[in-house]
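Take the sequence shown: its letter number 43 is residue 55 in the numbering used here, and every next letter is one higher.
From the three backbone atoms N, C-alpha and C, an ideal C-beta is built for every residue, glycine too.
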Amino acid sequence: MPILSASSAHPEITFLLLTRNKGAHTPTDATETAWHGFNGTRPTTHWENKCWCQSLLWVPRLLFQTQVHGPDTPIPTLKQWFRETFDHLFAIANSAEAKDAGVHLVSGWQIFRSIPAEEVPFWADVVLGFRKMTKAELKKFPQHVFGHAFTTLKCESPAYLPWLEKRLKGSGVLILTRRIGDLWELHPSFDVVVNCSGLGSRQLAQDSEMFPMRGQVLNVRAPWVKHFIRDGSGLTYIYPGTSNVILGGTRQQGDWNLSPDAEISRGIFSRCCALEPSLQGACDIREKVGLRPFRPAGVRLQTEFLAQDGRRLPVVHHYGHGSGGISVHWGTALEAARLVSECVQAPRTPTPKSNL
């Protein structure tokens with residue numbers, strides 16, 4: 013049974029790898045299908061939009077509050093996705109593949125200007141060594157009164173996505189590039205379609221609730237910065253990587269602009285230097301902009317049956333991760349694979365014609 017997964021991102025590539033490893037029928041991946049021409053914008057590749065931040069830190073709090081969690085995602089489900097994804101990335105970090113995959117452990121602090129209502133977040137037992145910061149540690153941040161210290165995982169997209177794709181190709185998955193304007197175009201070539209088109213779902217799934225959450229960051233060289241620092245608001249953060257440090261950021265709802273804003277960049281740099289003054293010596297400063305596929309209701313993981321003239325096409329929707337794609341991608345892909353399995357195992361009966 014041919015299975016197609018439309019678009020290319022962390023959740024989509026992971027879904028393909030999972031279905032392949034579980035022995036499902038060979039899926040076919042059509043990359044970049046939904047990123048072309050949506051909303052009248054210029055053609056934009058998945059590499060521009062999915063790797064714009066260069067690397068992402070596994071810190072669920074911001075993602076829980078603004079990007080992944082919603083009415084469609086209960087907290088127990090969200091925590092399960094977090095844990096499954098963390099365990100997956102932790103295994104990679106402890107393997108010989110860590111360097112090629114761009115996954116490694118990093119320690120640091122999440123700091124608050126006032127004591128949060130939730131002093132111990134629901135994900136505290138997922139990360140490593142979670143604890144409240146000591147008074148001595150807080151002296152480094154005189155404008156903050158409370159904080160969390162823990163070890164988490166850094167996943168660098170420019171390495172991780174090609175690493176996943178290489179594994180797919182090695183297992184025999186065929187990767188195609190094709191532009192489509194309607195999911196029904198894929199019938200009858202494919203028996204099941206997985207829609208992971210992100211912002212493209214505004215068109216492909218006619219989901220008017222999908223909109224961009226613009227993010228702008230700075231990519232700088234500061235090899236002496238070894239610990240992540242993250243303000244509790246989630247708008248200011250310092251994420252050290254293997255070859256650079258990411259300084260952020262912004263969260264601009266409904267903004268499609270992919271051009272860097274110099275004033276925003278100055279504000280990001282100023283805020284980050286206030287937390288880590290040594291960043292004043294950073295060099296090779298580069299601006300990065302991307303659009304997060306935000307959905308207020310949360311991630312859409314759902315099977316829909318498209319029907320025309322008595323024919324039916326199962327579509328598993330798997331999109332709306334916002335900036336939380338890294339933090340939950342393995343967990344949501346497991347759920348998407350389960351939904352596809354249900355479609356594959358279901359009796360293939362024609363859709364009854366309407367009597368109207």
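In DSSP terms, what residue i is bridged to
i, result
"TYR251", "ILE258"
"GLN155", "According to DSSP, GLN155 bridges with nothing at all."
"GLN92", "For GLN92, which the question treats as bridged, DSSP gives no partner whatsoever."
"GLN122", "HIS160, ARG242"
"GLY227", "GLY302"
"HIS116", "LYS166"
"THR344", "Bridge partners of THR344: none, in fact."
"VAL232", "VAL257"
"ARG143", "ALA161"
Reference residue i, options the options, closest by Cα
i, options, result
"LYS300", "PRO272, CYS167, GLU197", "PRO272"
"PRO305", "GLU354, GLY120, MET225", "MET225"
"GLY332", "PHE223, ALA103, THR248", "PHE223"
"LEU90", "VAL356, LEU313, SER353", "LEU313"
"GLY210", "LEU140, SER220, ARG242", "SER220"
"TRP236", "ALA319, ILE250, GLY246, ARG242", "ILE250"
"PHE200", "GLY322, HIS239, SER126, LYS178", "Residue identity differs from the one stated: residue 200 is Pro in this sequence, not Phe. Of the candidates GLY322, HIS239, SER126, LYS178, the one whose C-alpha sits nearest the C-alpha of PRO200 is GLY322."
"LEU287", "LEU140, GLU130, LEU346, GLN155", "GLN155"
"LEU259", "SER282, ALA161, LYS152, GLU149", "SER282"
"SER126", "ILE241, LYS178, PHE158", "PHE158"
"LEU247", "GLU149, LEU180, CYS284, ALA234", "CYS284"
"GLN92", "THR262, GLY184, PRO170, ALA136", "ALA136"
"PRO289", "GLU131, HIS160, ALA129, LYS152", "LYS152"
"ASP99", "CYS355, ILE338, LYS144", "ILE338"
"HIS341", "LEU173, HIS160, VAL118", "LEU173"
"VAL328", "GLU354, GLY120, GLN320", "GLU354"
Supposed contact pair residue j and residue i - C-beta distance, whole angstroms, cut 8 Å
i, j, result
"LEU351", "TRP196", "In fact, because the Cβ distance is near 19 Å, the residues do not count as touching under 8 Å."
"ASN256", "VAL229", "The pair is not a contact, with the Cβ atoms about 11 Å apart (cut-off 8 Å)."
"GLY227", "GLY302", "5 Å"
"GLN122", "GLY244", "6 Å"
"PHE142", "PHE162", "4 Å"
"GLY310", "THR164", "Not confirmed; about 22 Å, so no contact."
Status (buried if at least 16 other CB within 10 Å, exposed otherwise) for residue i
i, result
"PHE94", "buried"
"ILE280", "buried"
"SER358", "In the sequence on display, residue 358 carries Ala and not Ser. So ALA358 counts as exposed."
"PRO39", "Low confidence applies here, because PRO39 scores a pLDDT of 38, under 50, leaving its location unreliable; read the following figure in that light. With 16 or more other Cβ atoms within 10 Å, it is buried."
"ALA349", "buried"
"GLY193", "exposed"
"CYS295", "exposed"
"LYS166", "buried"
"PHE317", "exposed"
"VAL115", "buried"
"ARG12", "Here the chain has residues from 13 to 368 only, and residue 12 is not among them."
"ARG307", "buried"
"ARG298", "exposed"
"ILE87", "exposed"
"ASN207", "buried"
"ALA403", "Nothing about residue 403 can be read from this structure; the chain reaches only from 13 to 368."
"SER107", "exposed"
"SER335", "buried"
"GLU96", "buried"
"GLU275", "exposed"
"GLY182", "exposed"
Contact test: residue i Cβ vs the ligand ATP heavy atom, cutoff 7 Å
i, result
"TRP342", "Inclusion of the ligand ATP in the displayed structure is not the case, the ligand content being empty and no account of it being possible."
- Contiguous beta strand (DSSP E) assignments of at least 3 residues, all confined to the stretch 192 to 217: You should have 204 to 207.
- Which ranges would you report for the beta strand (DSSP E) in the stretch 255 to 309 if only whole runs of at least 3 residues count? 257 to 260, 295 to 306
- Item | Those runs of the beta strand (DSSP E) which lie wholly inside the stretch 313 to 338 and span at least 3 residues | The qualifying runs are 323 to 331.
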